[in-house]
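Everything below concerns the one structure shown next.
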Amino acid sequence: MRHRKRRDELRLYKVTDDYNLSYLSLRTSIGLWTAFLCLVLVATDASSLVCYITRFTEEAFAALICIIFIYEALEKLVHLGEVYPINMHNHLDNLTFYTCECSRPANASAKAQQMWSNKNLTSESIQWEQLGVKECQELYGEFIGSACGHKGPYVPDVLFWSVILFFTTFFLSAFLKQFKTKRYFPTKVRSTISDFAIFLTIMIMVLVDYLVGVPSPKLNVPDRFEPTLNTRGWLISPLGSNPWWTLLAAAVPALLCTILIFMDQQITAVIVNRKENKLKKGCGYHLDLLVVAVMLGVCSIMGLPWFVAATVLSISHVNSLKLESECAAPGEQPKFLGIREQRVTGFMIFVLMGCSVFMTSALKFIPMPVLYGVFLYMGVSSLKGIQLFDRIKLFGMPAKHQPDLIYLRYVPLWKVHVFTVVQLSCLIVLWAIKASAAAVIFPMM
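In this text, residue positions in the sequence shown follow the numbering used here: the first is 719, and each later residue adds one.
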């Protein structure tokens, strides 16, 4: 849901900008209302409603989140083509005339003239030919030459190298994750490589990127642990410079946020607690929602992102803790025994995330296409645990090659196909709503 939440935040920012309201203060008000409503849900035992969440809803929700991960990763890669454009109409014979220079704008906008005036500059006093790309963009100059477009010089090597990093990260992650099924090296070595597949992939790709030397876009990490704006402190007032009525009006969008967060949290918990995972310890739907409500209030007051259970990350975490039997005979497939139920991995994940603020100098070497490739892998790998996609593959599979699935023994194949088509249609409708202007009412759907 991260992709959709970011879009909602952009819509909220646009509303505050149109009506001259303080965005952070209004966001804090909405967050506090949402935290209060979540506490009401905890007090009224609303989490018991999860018993009405069926596999149909679970799979549609989980599939939507996985598709969002995949779509967002590909969208980010396409966006790099806009930031680092390539010349689609170039000729090799014209490479000797391949130049790009900054020049004075033919028709300077009022915004550009105002900026020049603030810096005591004029279009005649600026040495446009001596400016770099960033300086030319800041001074609203124009790029002229066969080697540049409207936004700046063509940078084909960066884009193509980013594509290579992106897909190499995806395929290398998948290969290393399946390394435990290979025939090489002892079992412990293969299991270790498989468990740390993502980490090893990132380290390998960072090293390759460093050795090649192409200036790929890197992860932008602040040098200091402080608020991003100098005009704000660590705590945000829910009123600020906004009128008093915004405190009451914030309850309306907070209601939609509450529905979304409740569904996001509880459906993810239901997916994790499926009987197929053979969990032995009890679940804590009420306690989880209570923790989410408290953290919502804290994060809202501090201007931090809201935290809620992430479906793809939760599925990946469960898959990483699977316990399988030892293979006694050659060619024997291991059997799934259950999940290693403990709190150490979850605790250490967030401890290491907290320690990452002291590793900014190292994180700056990670190329963004590598992270996009990891997102793509997480989305694709999480699809394997969703029965919907197993049933989609049955459409093009002859009966004799179909896997021995329990529901195929008792349900006619045509009924399975009808159920899959209905579920797939609902998923398409959900995606259409999410991608349209009606996404604001998405929680109600």
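Note that the Cβ used here is the ideal one computed from N, Cα and C, for glycine as well. All of these numbers come straight from a predicted model, not from anything done at the bench.
Between which two residues does the beta strand (DSSP E) harbouring E819 extend?
E819 to S821
At what residues does the alpha helix (DSSP H) containing L929 begin and finish?
A915 to V930
In this structure, what does DSSP give as the bridge partners for L1041?
G1056
Is it true that the CB of S821 sits closer than 9 Å to the CB of S959?
no
V932 to T949, Cα distance in whole Å?
37 Å
Inter-stretch contact (C-beta, 8 Å, three-pair minimum) for the region 785-804 and the region 1097-1106:
yes
Opposite F861 in the DSSP bridges: which residues?
C820
Would you check if the distance between the CB atom of T976 and the CB atom of C756 is smaller than 9 Å?
yes
Count the other CB atoms, across all protein chains shown, that sit within 10 Å of the CB of S1143; report buried if there are 16 or more and exposed otherwise.
exposed
Those residues which DSSP pairs with K704 across a bridge:
Since the first residue of the chain shown is 719 and the last is 1163, residue 704 is not available in this structure.
Only counting runs of 3 or more residues, tell me where the beta strand (DSSP E) segments fall wholly within the region 821-851, in order along the chain.
none
Separation of Y872 from P803, as counted between CA atoms:
5 Å
Backbone CA spacing between L957 and S841 [nearest angstrom]
43 Å
The alpha helix (DSSP H) with Y789 in it runs from where to where?
R773 to V801
Here's a check: name, in chain order, each residue in its chain whose Cβ is nearer than 7 Å to the Cβ of A1150, leaving out the five neighbours to either side.
none
Nearest to T910 (by Cα), restricted to the options F897, A1153 and R901
F897
Tell whether a beta-carbon distance below 9 Å holds between V973 and W751.
Here residue 973 is Leu; the residue named in the question, Val, does not match the sequence. For L973 and W751, yes; Cβs fall inside 9 Å.
Checking the sheet assignment: what are the DSSP bridge partners for C866?
P871
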